[in-house]
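Colleague: The structure is given below, and queries will be raised subsequently.
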């Protein structure tokens, strides 16, 4: 039964991505990509990767779709008719695919219990010993925040990099092109201008519903943040949900109100604070005599130390991700605002 | 036998579609979409490695005789997803600026635009 | 007792799936945006509620049922709101509904909302 | 003291890493720059310490999180990684000395905090790639470097909007390359069940005869080749280098591709082992022609460029061709020459880009024609360029000569016609280098300044760092015990490891 679900989902994935390739309207392509992400998340659930599914749903189907839509609102959504079948890209893609197909024939069977991956010492350690020496039930969180804590530090840094990158790129002044002035004079406004608004002005129903929902969204974010030790979830997913709450707020009530609540400068502070909190836990463990990110020394009892360390670094991840997603959203929305006619 | 490597074949197909989209389409947004597709396919490659037949999610439960799937690929892919969205955000920000600077997000139009700079 | 619960679950799941199927047909077969989101918004909400009810029968009085209840409440609030927002946006953008006995040319604006 | 030394491998990474968020909060012109300079200097000091410690006592391993190697992430400083770390942090520090006035000219003051934060992140990423002993951790740090470099390159858009398309092109190609590396690491993991590089290397021989491993080798080599701008994958590099802000170009020219070269060496010699790489999958036969084509064709292309930065960028691709040849020789002499050329080319090319940056600072252009007569107006800068150009060509007493000398010796060691052919190709490529450098020098000195040409000598704050690099390159060309010594040590270590 489970195989059939998997196979059905995977065939849908292929159909979805082929559709992504062929549709000409970029809005449609974006929505299809979002659907592909969501299908992928479902597939991850059947493959037992609940944490990954959660993240993929929040990020692939959520945040990236918002980013794509924001971009399309600014750059227009029609694609020029594609040229004929391009031979060289096709050959390159086929040869890459061929290399992987070549590899799969010797690859261990999926789901088998005797593959090198399942028999590896690492797997044994993570599955059998980590609940004892780390003391939390969710092994993914243990591996993520403790055994491979440095990867996660790097990941937080990547998010930080993207956020300051987007702010840097989108804060460059918009220099008008000569063609643009011509367009303006001839009365033809670029299509982007009409869509470049953030916030829907006078809609009673969304206002009321979002007022009811947003507190719960934020509450849910905290639940995901602090429940990550016991179930799927953790700093990253929580950060994305938290940011989604604020983004929803500013879509409904307008960007300027959100910016009053959380000015860009404050967001930047949080952005930096999260990374520093993560690194700070590492430095604290160094000062206490352990290696970098060695949580055992944070408390007299190693397991308690691990708990404390994981709690703090996950918090750091959550703060940075929230701030980064908000900063990226501010970057895009600010651009739209600068170009749109008026916003509220 | 046929289903032993089925996931991997799907990975390959998605990967080829993604790569082909990146390389053959001249619209920059479409290129980014293809790139996202390409990255998503790799996530499936990793997650399939960690699956174990009859296993459950790697969260300790009280039920007896549970087999847990391997948590390590999950951790790696969590990181990779984050990296993916970071790349997407940067790429899209660049596209917005390119649209402003060149008046187009089509690679060929931009190239012809660059020539008569 | 278990048998009754199982039968109840099956019935709920089948009814829910039926409504979802109807939603799908509606999205494909209805003529314009407004009727389509009508199909998507209404039947979908009901189907989710029924399916969640069926699942709750299986889990009994546990935390899982509470979570399912939350899911139903959430969908019950958001799905109609989203439908409303979509219709509102389409209307503001100038998309005229296609009315009975009126096959005016105005229902084909330049936007691409009609794409399948 | 012991605290700081015992944590040196990780401190060299986390000091710039944790400095970045702090730096992002700074405002003003001087504070972010000074902060970055200090942190980069500290990282440099740690790297030198590490190099000395490693060359005296052998590789140093550091267990992050206190987890023993295959379970946690291990940091390993060995002769090669410590040497590359010194190069990266040294170049970074030198470029930063120069950065203050140069970048103020190109990036709005209000954004300097973010700009230098991105710079620190790029530095962090490169240092992390170098010192990590974990295959997946390489990917994470690679992405930190890549993302920050896309941003840094795009910052050139204020001068030339094409910086945006260059950055986007690099983003697409670079992400494909990084994803290839991710696939390669995944395939290695599926066959070995581990991510630790030393652990993979241990298990490698027993499973090296399987198809996933061969595919993994393919994906890793192609992925790294994309990041390295190896010949058929070099298209992103000239654009990126031409339109990036000057200090970014100088920084990346000296470091970014070198890190990729390091990764190539690390995978070929440490993970796969030389026997497998050159005996089983014939990397020599694959890489040698690519290296030769790059060295020859890119030198020719460089001759016809009309933008000075672009010319130097193509010359970089050609020089990477030399390094590729050296690695593909699969001998200790070849490897020594390759590692030596990483060092020598880094210092020379950075110096050259800094002088070009100084010319840009004074004249506002890098178009070769528009720089006519700069030799008279900016004598010190132009003379620096000439000396750097000599180093690039490989005149005796310059570092370029030393590494080419070692390279030619290494190819002649083969003793067959291919060896002679390679030697001739290297000499031919050097002759092309003479042509493209001479073309620039002729215009700088012997063409009259255009009417109303602006620009006089660059300020000392730019000149001094330029000359540090130029004179430094001569120092290492004459007193070669430092660079040759450490390159030989690293090569011996790598050849002995497997």
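Chains as they are written, first to last, in my numbering: chain A, 12 to 355; chain B, 131 to 247; chain C, -4 to 111; chain D, 38 to 535. Beta carbons are placed, not taken as given, at the ideal position from N, Cα and C, and that holds for glycine. Model, not experiment: these values are computed from the prediction.
1) How far does the beta strand (DSSP E) with residue 114 of chain D in it reach, from first residue to last?
2) Residue 100 of chain D by DSSP, collapsed to three states: which one?
3) For residue 76 of chain C, which residues in chain A fall below 7 Å Cβ to Cβ?
4) With a threshold of 8 Å between beta carbons, is residue 159 of chain D in contact with chain B?
5) Using a Cβ-Cβ distance under 8 Å, would residue 170 of chain A count as near chain C?
6) So is residue 113 of chain A in contact with chain D if we call contact Cβ pairs under 8 Å?
7) Taking the alpha carbon of residue 330 of chain D as the point to measure from, which residue in D:354, D:378, D:415, D:530 has its own alpha carbon closest?
8) Just by C-beta distance, which residues in the stretch 185 to 205 of chain D are closer than 8 Å to chain B?
9) If you follow the alpha helix (DSSP H) that residue 197 of chain B is part of, which residue opens it and which one closes it?
10) Just to confirm my understanding: we take residue 294 of chain A, look at its own chain, exclude 5 residues before and 5 after, and list those with CB closer than 8 Å. What are they?
11) Strictly below 8 Å CB to CB, what residues from chain A border residue 235 of chain B?
12) Which of helix, strand or coil does DSSP assign to residue 40 of chain C?
13) Report yes or no: is there a C-beta of chain C within less than 8 Å of the C-beta of residue 54 of chain A?
14) Write down every uninterrupted run of the alpha helix (DSSP H) in the stretch 158 to 234 of chain B whose length is 4 residues or greater and which is fully enclosed by it, in chain order.
15) Which residues in the same chain have their Cβ closer than 6 Å to the Cβ of residue 137 of chain B, if we skip the five residues on either side of it in sequence?
16) Taking 8 Å as the cut-off, decide whether the C-beta atoms of residue 40 of chain D and residue 88 of chain D are in contact.
17) Pick out whichever of D:66, D:344, D:267, D:161 has its Cα sitting closest to the Cα of residue 402 of chain D.
18) Any contact of the stretch 140 to 158 of chain D with the stretch 89 to 109 of chain D, i.e. 3+ C-beta pairs under 8 Å?
19) How is residue 242 of chain B classed by DSSP in three states: helix, strand or coil?
20) Does residue 29 of chain D come out as helix, strand or coil in the three-state DSSP assignment?
21) What residues in the stretch 197 to 211 of chain B have a beta carbon less than 7 Å from any beta carbon of chain D?
22) If the cut-off is 7 Å on Cβ atoms, which residues from the stretch 227 to 253 of chain A count as contacting chain C, listed in chain order?
23) Decide if residue 239 of chain D is buried, meaning its Cβ has at least 16 other Cβ atoms within 10 Å, or exposed.
24) Is any beta-carbon of chain B found at less than 8 Å from that of residue 208 of chain D?
25) Is the beta carbon of residue 73 of chain A less than 8 Å from the beta carbon of residue 255 of chain A?
26) For residue 196 of chain A and residue 328 of chain D, what's the separation of their Cα atoms in angstroms?
27) Strictly by DSSP, which residues pair up with residue 236 of chain B?
28) What residue does the alpha helix (DSSP H) around residue 171 of chain D start on, and which one ends it?
29) Where DSSP assigns a beta bridge to residue 94 of chain D, which residues make up the other side?
30) Below 8 Å between beta carbons: does that hold for residue 250 of chain D and residue 302 of chain D?
31) Apart from the five residues on each side of it in sequence, which residues of its chain come closer than 6 Å, Cβ to Cβ, to residue 127 of chain A?
32) Assign residue 440 of chain D to one of three DSSP states: helix, strand, or coil.
33) Could you say which of D:112, D:194, D:195 lies nearest to residue 178 of chain D if we only look at CA atoms?
34) Comparing C-alpha positions only, which one of D:418, D:285, D:508, D:446 sits nearest to residue 366 of chain D?
35) For the stretch 145 to 172 of chain B, enumerate the residues whose C-beta is nearer than 9 Å to any C-beta of chain A, in chain order.
36) Less than 7 Å between the CB of residue 297 of chain D and some heavy atom of the ligand NAP, yes or no?
Modeller: So, from the listed chains and residues:
1) 111 to 114
2) strand
3) 216, 217, 220
4) no
5) Taking Cβ atoms only, chain C never reaches closer than 8 Å to residue 170 of chain A, which makes this a no.
6) yes
7) Ranking D:354, D:378, D:415, D:530 by CA distance to the CA of residue 330 of chain D puts D:354 first.
8) Taking a C-beta cut-off of 8 Å against chain B, the contacting residues of the stretch 185 to 205 of chain D are 187, 188, 191, 194, 198, 199, 201, 202, 204, 205, listed in chain order.
9) Looking at the DSSP string, residue 197 of chain B is not in any alpha helix (DSSP H), and its letter there is neither H nor E.
10) 303
11) 86, 87
12) helix
13) no
14) 158 to 180, 201 to 232
15) The residues are 178.
16) no
17) D:344
18) no
19) helix
20) Since the first residue of chain D shown is 38 and the last is 535, residue 29 of chain D is not available in this structure.
21) 206, 209, 210
22) Taking 7 Å as the Cβ-Cβ cut-off against chain C, none of the residues of the stretch 227 to 253 of chain A qualify.
23) exposed
24) yes
25) Yes, Cβ-Cβ distance for residue 73 of chain A and residue 255 of chain A is below 8 Å.
26) Confidence at residue 196 of chain A is low in this model, with a pLDDT of 45, below 50, so the placement of that residue should be treated as unreliable; the coordinate-derived value is given next. Taking the CA atoms as reference points, residue 196 of chain A sits about 54 Å from residue 328 of chain D.
27) B:157
28) If you look at residue 171 of chain D, you'll find it isn't in any alpha helix (DSSP H); DSSP assigns it neither H nor E.
29) Its beta-bridge partners do not exist; DSSP assigns none.
30) For the pair residue 250 of chain D and residue 302 of chain D, the CB atoms are not nearer than the 8 Å cut-off.
31) none
32) helix
33) D:112
34) D:446
35) 145, 146, 147, 148, 149, 150, 151, 152, 153, 154, 155, 156, 157, 158, 159, 160, 162, 163, 164, 166, 167, 170, 171
36) Because no ligand of any kind appears in the structure shown, any question about the ligand NAP cannot be addressed here.
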